[in-house]
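A.B. asks: Following this message is one structure expressed as structure tokens.
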Amino acid sequence: MRLHIREMLSAQREGHISFHTPGHKRCGDDITELSYSDCLLSPKGAILGAERDIAHILGADRSFILTDGSTSGIFSMLYALKVRGAASLAFPVCSHRSVYNACRVLGLTPVLIPQNSERGIPLQPELSAIEAAVREADALLLTSPDYYGFLAPMSEAKEICRTHVKPFLIDGAHGAHLHFTDMHAGKFADMWVDGMHKSLPAMTQGAVVSAREDWAALSEGVRTFRTTSPSYPIMASVEEAAKWPRNEKIERAAAQFKEAFGAVKNDDWTKILIFFGRHADEAQRVLEAHNVYPEFNDGNYLMFYLSPCTKEAELQTLGALLGELPRGEEGDVKEGKIPIYSEGI
Ligand SMILES: Cc1ncc(COP(=O)(O)O)c(C=O)c1O
Numbered sequence: 408m409r410l411h412i413r414e415m416l417s418a419q420r421e422g423h424i425s426f427h428t429p430g431h432k433r434c435g436d437d438i439t440e441l442s443y444s445d446c447l448l449s450p451k452g453a454i455l456g457a458e459r460d461i462a463h464i465l466g467a468d469r470s471f472i473l474t475d476g477s478t479s480g481i482f483s484m485l486y487a488l489k490v491r492g493a494a495s496l497a498f499p500v501c502s503h504r505s506v507y508n509a510c511r512v513l514g515l516t517p518v519l520i521p522q523n524s525e526r527g528i529p530l531q532p533e534l535s536a537i538e539a540a541v542r543e544a545d546a547l548l549l550t551s552p553d554y555y556g557f558l559a560p561m562s563e564a565k566e567i568c569r570t571h572v573k574p575f576l577i578d579g580a581h582g583a584h585l586h587f588t589d590m591h592a593g594k595f596a597d598m599w600v601d602g603m604h605k606s607l608p609a610m611t612q613g614a615v616v617s618a619r620e621d622w623a624a625l626s627e628g629v630r631t632f633r634t635t636s637p638s639y640p641i642m643a644s645v646e647e648a649a650k651w652p653r654n655e656k657i658e659r660a661a662a663q664f665k666e667a668f669g670a671v672k673n674d675d676w677t678k679i680l681i682f683f684g685r686h687a688d689e690a691q692r693v694l695e696a697h698n699v700y701p702e703f704n705d706g707n708y709l710m711f712y713l714s715p716c717t718k719e720a721e722l723q724t725l726g727a728l729l730g731e732l733p734r735g736e737e738g739d740v741k742e743g744k745i746p747i748y749s750e751g752i
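Once you know that position 158 of the sequence shown is 565 in the numbering used here, the rest is easy, because the numbers rise by one and skip nothing.
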């Protein structure tokens, strides 16, 4: 498939003399908005071509490339809700801090949906709790998949929102790699974000926010919260990531790995959760001494974050080390607030 932004950058790279920002003057692909390079705020050329392709892939009527993370997508979606008259938003307690922050900045009242936890892992909210919150609020936001690799009950939530005629939003910061599956947010939500940099090979901060049908307010939100100096390397990488095919070989290897090492049975192949209990810090130290870095250690679990670019040999290295490490036992679970989700961080 054509890579609009990368092709546009490559065509102009040779002999480029920079009398423009950025100040490093070395250029490469890190240029600014020039006569030939289109403009993210009002795209008409290569960027528009990329955004149209991305929307087609994600099942959206309109997709916007973001170079400031899913955070700016969440602010933009909540801005769109507000502009369309919403005064409150229902979302699970363990939502990302950007959801809390955007509500505070935009004056939306949070209607918190309780979540239970099991062995130290927050569970997706129950349908009855979702429905009760949707009755009370003007819109619903769920996170799918969550950081622990569990999908939200998206199809049921969509139905609840349809019944109550309320918009349904999905924080897909951890779900961009599901873009060619039936589990992708775009199959269910009215507006959603894809964190292209987390589970697909986009550069850090690369993300996309998308909407179905009524996207004018989202466009206004994006123009309000996005930077006016977007990074072309990030934009190009977002387009490439959105077009990145599934790697079914590594998906299968991940499933076998989870089975072999007794990982938590979650829904998402990119998130391997291994319980270490009181040995979690020691396990992290040993792994890092071997140059193996997990995504997080929450005091109970180490989480190993995969993507279509993970190599089978790297999984084998991890497996060889895990075999040598002490593992947690029943009764080791530390319950409590999960720091990575904490609203106050
Ligand atoms: C569930 C969730 N939503 C949103 C975000 C924000 O994403 P970004 O860091 O790309 O702004 C994160 C970041 O970790 C996240 O975990």
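Backbone N, C-alpha and C define an ideal beta-carbon position, used for all residues, glycine too.
1) Can you find a C-beta in chain D that's less than 8 Å from the C-beta of Y443?
2) Alpha carbon to alpha carbon, how far is K432 from T439?
3) Apply the 10 Å Cβ neighbour rule to C716 and answer buried if 16 or more other Cβ atoms are within range, or exposed otherwise.
4) Which same chain residues, not among the five before or five after D739, have their C-beta less than 7 Å away from its C-beta?
5) Would you mind giving the Cβ-Cβ distance between L519 and V500, rounded to the nearest angstrom? I have them listed as a contact below 8 Å.
6) Classify D553 as buried or exposed, calling it buried when 16 or more other Cβ atoms lie within 10 Å of its own Cβ.
7) How should P746 be labelled, buried or exposed, when 16 other C-beta atoms within 10 angstroms of its C-beta is the threshold for buried?
8) Ignore the nearest five residues each way along the sequence and tell me which others in T478's own chain have a CB closer than 6 Å to its CB.
9) Can you check DSSP and say which residues form a bridge with N704?
10) Would you kindly check if the distance between the Cβ of H586 and the Cβ of A649 is under 8 Å?
11) Ignore the nearest five residues each way along the sequence and tell me which others in M603's own chain have a CB closer than 8 Å to its CB.
12) Near H427, what residues of its chain come up, given a Cβ to Cβ distance below 6 Å and the 5 sequence neighbours on each side ignored?
13) Just the C-alpha distance for A660 and E627, rounded to the nearest angstrom, thanks.
14) Can you tell me where the beta strand (DSSP E) with G556 in it begins and where it stops?
15) Flag H591 as yes when its Cβ comes closer than 7 Å to any non-hydrogen atom of ligand 1, and as no otherwise.
16) According to DSSP, simplified to helix, strand and coil, what is D578?
17) How big is the Cα-Cα spacing for S636 and P733?
18) Beta carbon of H581: closer than 7 Å to some heavy atom of ligand 1?
19) Bridge partners of A662, per DSSP?
20) Measure the CB-CB distance between A704 and A687 and report whether it falls below 8 Å.
21) May I have a chain-ordered list of the beta strand (DSSP E) segments no shorter than 3 residues that lie completely inside the region 576-619?
22) Please check the pair M415 and A453, which I expect to be a contact at CB under 8 Å, by giving their CB distance rounded to whole angstroms.
23) Going by the CB atoms, is the gap between F711 and F482 shorter than 8 Å?
24) With DSSP collapsed to three states, give me the class of I681.
25) Are there any heavy atoms of ligand 1 lying less than 7 Å away from the beta-carbon of A662, as far as the coordinates show?
26) At which residues does the beta strand (DSSP E) containing A497 begin and terminate?
27) In whole angstroms, give me the CA-to-CA distance for F498 and T588.
28) Do the region 543-563 and the region 663-683 meet, that is, are 3 or more Cβ pairs less than 8 Å apart?
C.D. replies: Concretely, from the data shown:
1) No chain D appears in the structure shown, which is made up of a single protein chain.
2) 11 Å
3) exposed
4) G684 and R685
5) 5 Å
6) buried
7) Confidence at P746 is low in this model, with a pLDDT of 47, below 50, so its placement is unreliable and no value can be given for it.
8) S505
9) L709
10) yes
11) A583, A609, G613, A614, V615, S644, V645, A648 and A649
12) T439
13) 43 Å
14) Note, G556: premise wrong, no beta strand (DSSP E); not H, not E.
15) Ligand 1 has no heavy atom closer than 7 Å to the beta-carbon of H591.
16) It is a strand residue.
17) 48 Å
18) yes
19) According to DSSP, A662 bridges with nothing at all.
20) A small correction: the amino acid at residue 704 is Asn; Ala does not occupy that position in the sequence shown. Yes, Cβ-Cβ distance for N704 and A687 is below 8 Å.
21) 598-601 and 614-618
22) 4 Å
23) no
24) strand
25) no
26) S495 to P499
27) Near 24 Å, if we compare the C-alpha coordinates of T588 and F498.
28) yes
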